[in-house]
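Have a look at the structure below before the remarks.
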Amino acid sequence: MKMKFLVSIILCALFLSSCITNKDVVYLQDKGTVVDTLAINAAAKPYRLNINDQLKVSFKTELGQDIQEVTKIFNVTEKEPGDTEQQLYFSGNTIDVHGNIEFPVLGKINVLGYTLEEVEDKIKELLYEYYFQDDVELYVTVKLPGLKYTTLGEIGSSGPKVLYKNRVNIIEAIANAGDISQTGDRKDVLIVRQYPQGQKIHHIDLTDIAAMQSEFYYIKPNDIIMVKPLKRKALGAGQTATQTFTTIASIFSVLVSTYFLARNL
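Going letter by letter, the sequence shown gives residues -23 to -1, 1 to 242 in mature numbering (1 follows the signal peptide of the UniProt record, and there is no 0).
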């Protein structure tokens, strides 16, 4: 009798501790936090360029004026929209360890910490200062060849990912990677972010709507998103209540059989 009671207590404790609840898997739950729209907009401030970012520079002049001259300066030819990542890697401009990009005629231009719009203005200023008259309309566009990031851990698809958008939040990035698995820890998602001084690890709770106010809600180029397994997964009792009940019933059956077998010996 004591044996049955003890086994029942152990199995009940295992059942209660191993079930994954809605609180573990539902994103952006209202936990009493007042979400400020202004704070969300502030978190989405323009990205500032970093080392190893790749840039694609394109240009236009009014009525096609001086296109050949501009082409010589940038040492590029007009490309079709379907450029592959490999083509962009070799034809684009990668920011070096000193924060510079380099053109054959313009030379090195420091862009570390600049926004894309600021780089456009800087290149235009140099072109007008040294090569073009003010009466020539020159349009310079600087873009990142997609927002690149990497996912690892308890997520549908691990590895490098690219989204062709200017702004991407972490929910979109995770959805693009196939979502976090049922056993992934949404309450402590790790973001490894690159800074001029090196890499830093940040944490964000995606089950709390307050995450939308976090400075890490919007991902940046070359971010690494890491999802740890829930501690409950280590118990191996199942991802859902049904799976857990089935596993525990099997364990209970084995224990009871072992108990009666031992009594008959």
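Quick reminder that beta carbons are idealized off the backbone N, C-alpha and C, glycines included.
To the nearest angstrom, how far is it from the Cα of residue i to the Cα of residue j?
i           : j      : result
GLU79       : LEU89  : 13 Å
VAL113      : LEU5   : 51 Å
THR38       : LEU32  : 20 Å
LEU104      : GLN159 : 54 Å
LEU115      : LYS101 : 7 Å
VAL198      : VAL96  : The sequence given here places Pro at residue 198; Val does not occur at that position. Distance between the alpha carbons of PRO198 and VAL96 is about 17 Å.
LEU140      : LEU121 : 11 Å
LYS(-1)     : ASN146 : 21 Å
GLN171      : ASP185 : 25 Å
ALA152      : LEU167 : 16 Å
residue 245 : ILE181 : The chain is shown from -23 up to 242; residue 245 falls before or after that span and cannot be answered.
PRO58       : GLY123 : Here the model assigns PRO58 a pLDDT of 47, short of 50, so the residue's position is not dependable and the matter cannot be decided.
VAL82       : PHE36  : 15 Å
MET189      : SER135 : 24 Å
ASP200      : ASP98  : 27 Å
VAL169      : ILE28  : 15 Å
TYR107      : TYR91  : 22 Å
THR235      : GLY9   : 50 Å
VAL2        : GLU94  : 39 Å
What's the call for residue i, buried or exposed, on a 16-neighbour Cβ count within 10 Å?
i       : result
PHE138  : Correcting the residue type first, residue 138 is Lys in the shown sequence and not Phe. By the neighbour-count rule (16 or more Cβ atoms within 10 Å), LYS138 is buried.
THR118  : exposed
ILE132  : buried
ARG163  : buried
VAL74   : exposed
ALA21   : exposed
ILE178  : exposed
GLY155  : exposed
VAL204  : buried
SER191  : buried
THR(-3) : exposed
Once DSSP output is grouped into helix, strand and coil, what is the label at residue i?
i      : result
ASP70  : Checking the displayed sequence, the identity of residue 70 turns out to be Asn instead of Asp. Three-state result, ASN70: strand.
ASP200 : strand
LYS8   : coil
SER230 : helix
LYS37  : strand
How far does the beta strand (DSSP E) with residue i in it reach, from first residue to last?
i     : result
GLU79 : 77 to 80
ILE28 : Where ILE28 is concerned, there is no enclosing beta strand (DSSP E), given that its DSSP letter is neither H nor E.
ASN87 : 84 to 87
Determine whether the Cβ of residue i lies closer than 8 Å to any Cβ atom of chain B.
i     : result
GLY90 : The question asks about chain B, but that chain is absent: this structure has only one protein chain.
Tell me whether residue i, by its Cβ, gets closer than 7 Å to a heavy atom of the ligand FAD.
i      : result
ILE151 : With respect to small molecules bound, the structure shown includes none, and the ligand FAD cannot be examined in it.
If you follow the alpha helix (DSSP H) that residue i is in, where does it begin and where does it stop?
i       : result
THR(-1) : The question names Thr, but residue -1 in the sequence shown is Lys. -2 to 2 is the span of the alpha helix (DSSP H), which, as asked, contains LYS(-1).
Requested in this report: Taking only runs that begin and end inside the segment 92 to 130, name each unbroken beta strand (DSSP E) of 3 or more residues, in chain order.
Outcome: 115 to 120, 124 to 130
Report task. Note down, one range per segment and in chain order, each beta strand (DSSP E) of at least 3 residues found wholly within the segment 123 to 195. Result -> 124 to 130, 136 to 140, 166 to 172, 175 to 181
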